[in-house]
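Worksheet: one structure, shown below.
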Amino acid sequence: PAYRQQFIEAIVDLMQQMHPQSRNIDDYRDRLWKHVFRIAKYELDVTPPNGKKPRPEDSKKRPDRVAYPVMEAKYRHYGHNVQQLIKKALSMPEGPKRDGFVAVIGSYMKLAYRTWNKEHYVSDDVIKGDLETLSNGLLSLDDSTSIDNLSGANRRRKRPASPRDRDGRDNRDNRDNRDNRDRDRDGGGGRNSDKPRRSYRRKK
112 PAYRQQFIEA
122 IVDLMQQMHP
132 QSRNIDDYRD
142 RLWKHVFRIA
152 KYELDVTPPN
162 GKKPRPEDSK
172 KRPDRVAYPV
182 MEAKYRHYGH
192 NVQQLIKKAL
202 SMPEGPKRDG
212 FVAVIGSYMK
222 LAYRTWNKEH
232 YVSDDVIKGD
242 LETLSNGLLS
252 LDDSTSIDNL
262 SGANRRRKRP
272 ASPRDRDGRD
282 NRDNRDNRDN
292 RDRDRDGGGG
302 RNSDKPRRSY
312 RRKK
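Put into structure tokens, the structure is as follows:
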């Protein structure tokens, strides 16, 4: 039995050498022991380092199914982020801030719809109806609200000039002023212009 144990351990070492890049993976050596038992049809009379002999029924176990967010196929084009935004809006207290956030959701939904189907026109009424359906009637936009105006206002909003941009303009202006002063001092030739050299003749 001792010789058999050493022999199987040598086989596991050899299997590990075939994939050295995986040796730092957690429980990788335990996996190799399971592979050895499975190759031998679980007829080995040896003990793995963890003391647990793999059994045939262990290999038949399936991992638990991962829960996936459920969304009706009709609204799948909006994406999972819309569901998260709606949940966020429902958790907010009623007021102007929540109303503004709901308007942003409607604008995002229309953008997602256009991205999904660029050739099909979608009206604001469709977006408003889908928003109410996805929120179970808890969120809504006023009939007078124009989603296109909301998205257009965001696009027209200009970014203010940063201090770095202003500093860059100031530095360029200062350089231009220095160049002008140098040009005036040199008689219009600029600071890099070649001045005419005066020649002298030696008297005989």
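So the sequence shown is numbered by the working numbering: it starts at 112 and just counts up by one.
All C-beta atoms, glycine included, are put in the ideal place defined by N, C-alpha and C.
Terminal residues of the alpha helix (DSSP H) in which L196 lies: Locating residue 196 in the sequence shown gives position 85, where the first residue counts as 1. L196 -> alpha helix (DSSP H) spans H191 to S202.
Between the CA atoms of S257 and R176 - distance to the nearest angstrom: Looking up residue 176 in the sequence shown gives position 65. Looking up residue 257 in the sequence shown gives position 146. Rounded to whole angstroms, R176 and S257 show a C-alpha spacing of 43 Å.
Inter-residue Cα distance where the pair is R225 and D235: If you number the sequence shown from 1, residue 225 lands on position 114. If you number the sequence shown from 1, residue 235 lands on position 124. Going by the C-alpha atoms only, they are around 12 Å apart.
The segment 148-164 / the segment 206-218 touching (three or more Cβ pairs under 8 Å): no
Exposure label - N265; buried when at least 16 CB within 10 Å: Start at 1 with the first residue of the sequence shown, and residue 265 comes out as number 154. Because the pLDDT at N265 is just 49, under 50, the model does not fix this residue reliably, and the value given afterwards should be weighed accordingly. So N265 ends up on the exposed side.
Nearest neighbour of K164, chosen from E154, L252, K172 and W227 [CA to CA]: Within the sequence shown, the letter at position 53 stands for residue 164. Each of E154, L252, K172 and W227 was checked against the Cα of K164, and the nearest Cα belongs to E154.
Expected contact under 8 Å - CB spacing of I197 and G217 to nearest Å: Against the sequence shown, residue 197 aligns to sequence position 86. Against the sequence shown, residue 217 aligns to sequence position 106. Not really, about 11 Å apart at Cβ, beyond 8 Å.
Whether Q128 touches L143 by CB criterion (8 Å): Sequence index remark: in the sequence shown, residue 128 carries index 17 (1-based). Sequence index remark: in the sequence shown, residue 143 carries index 32 (1-based). Not a contact, by the Cβ cut-off of 8 Å.
Helix, strand or coil at V237 according to DSSP, with G and I counted as helix: Taking the sequence shown and counting its residues from 1, one reaches residue 237 at position 126. Looking at V237 - three-state DSSP - the assignment turns out to be helix.
Y139, DSSP secondary structure in three states: Along the sequence shown, one-based indexing puts residue 139 at 28. Looking at Y139 - three-state DSSP - the assignment turns out to be helix.
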